[in-house]
Amino acid sequence: MSGNTITFTGTNFPTSSTVLGTYGGVTATSGTSTGTSAVLTFSSGIPVSTAAIAPTLYFKNADNTQVSANPPTVPVTIANPATVGSSTSGLSCSFAGGCAYTVTGNGLYSTLQQAGNSIDVCGDACILSTTLIDASKAVCLLPTISTTYSVTTFKTALPTVVTGTLFPADPKLTDGKLMIDHVDASTTTCNFGMSFAVNHKVVLDEQKVFINKLLDKTPFVNNLVF
Numbered sequence: 062m063s064g065n066t067i068t069f070t071g072t073n074f075p076t077s078s079t080v081l082g083t084y085g086g087v088t089a090t091s092g093t094s095t096g097t098s099a100v101l102t103f104s105s106g107i108p109v110s111t112a113a114i115a116p117t118l119y120f121k122n123a124d125n126t127q128v129s130a131n132p133p134t135v136p137v138t139i140a141n142p143a144t145v146g147s148s149t150s151g152l153s154c155s156f157a158g159g160c161a162y163t164v165t166g167n168g169l170y171s172t173l174q175q176a177g178n179s180i181d182v183c184g185d186a187c188i189l190s191t192t193l194i195d196a197s198k199a200v201c202l203l204p205t206i207s208t209t210y211s212v213t214t215f216k217t218a219l220p221t222v223v224t225g226t227l228f229p230a231d232p233k234l235t236d237g238k239l240m241i242d243h244v245d246a247s248t249t250t251c252n253f254g255m256s257f258a259v260n261h262k263v264v265l266d267e268q269k270v271f272i273n274k275l276l277d278k279t280p281f282v283n284n285l286v287f
């Protein structure tokens with residue numbers, strides 16, 4: 062493994078077939094064969110992997126039939142740990158985002174293309190740029206940052222209905238009928254709430270609480286706290 066290529070050595074590698082292969086679930090962009098060696102090239106960089114994993118190599122004829130290679134006697138596994146050389150420093154951007162943020166490191170872009178991998182800024186994914194990257198670096202565009210100030214002043218986020226997870230877990234809170242009481246039998250302050258996504262804050266614009274069969278409002282006056 063060197064740069065953005067993986068080289069295999071062996072015997073009787075087809076020289077007139079299409080050379081294909083993968084590493085870490087990513088398919089090589091191109092491949093070549095000399096008969097005794099085959100080279101896979103990953104134009105977006107070889108994916109990062111801290112664990113040693115086995116690359117694959119195979120050949121296909123013009124009629125799309127697969128040709129078996131003559132692999133080494135011992136299966137080969139290769140690790141490709143992440144190495145970050147540098148990242149953009151001193152970057153100044155508006156609340157609207159869109160500024161380019163660069164992280165240098167072989168294979169980062171290839172790895173970030175896979176599901177579940179991302180560069181997060183303030184809890185939101187930085188969107189990968191497909192035009193500014195190469196095998197040695199990943200470039201993403203900063204997301205919109207919503208704060209109380211930016212939402213109020215620049216309308217970086219619009220009001221919307223947000224659904225979280227109610228606690229404590231009680232189906233009476235979500236029955237949709239609003240006719241069955243939620244009862245907290247504890248001797249401390251009665252409470253229930255709603256949690257939202259990690260690293261996110263919700264500014265309540267309106268909230269409604271329905272109290273069934275309210276015969277006396279006295280216990281609730283000045284005691285309902287949000």
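Okay, so the sequence shown: first residue is 62 according to our numbering, each after it adds one.
Here a beta-carbon is modelled for each residue, glycine too, at the ideal position from N, C-alpha and C.
Task: Of the residues VAL100, GLY159, GLY177, the one placed nearest PRO217, counting alpha carbons only - done: Sequence check: residue 217 is Thr here, not Pro. Measuring from the Cα of THR217, the nearest candidate turns out to be GLY159.
TODO: Could you tell me whether the Cβ atoms of THR138 and ALA115 are closer together than 7 Å?
DONE: yes
Task: Length of the line joining the Cα atoms of GLY85 and VAL109 - done: 8 Å
Open item on the list: If you follow the alpha helix (DSSP H) that THR172 is in, where does it begin and where does it stop?
Closed with: 169-173
Open item on the list: Assuming contact is defined by CB atoms lying nearer than 7 Å, are LEU118 and PHE69 in contact in what I supplied?
Closed with: yes
Open item on the list: Taking only three categories from DSSP, how would you classify PHE281?
Closed with: helix
Open item on the list: Check this for me: beta carbons of TYR162 and THR149, under 7 Å apart or not?
Closed with: yes
Open item on the list: With three or more C-beta pairs closer than 8 Å as the rule, is the segment 164-178 touching the segment 210-230?
Closed with: no
- [ ] Please state whether DSSP places SER213 in a helix, a strand or coil.
- [x] Residue identity check: residue 213 is Thr in the sequence provided, not Ser. Helix, per DSSP.
Open item on the list: Alpha carbons only, please: which of LEU276, LEU227, THR221, SER197 is nearest the one belonging to SER104?
Closed with: SER197
TODO: Can you have a look at LEU276 and say buried or exposed, based on whether 16 or more other CB atoms are within 10 angstroms of its CB?
DONE: exposed
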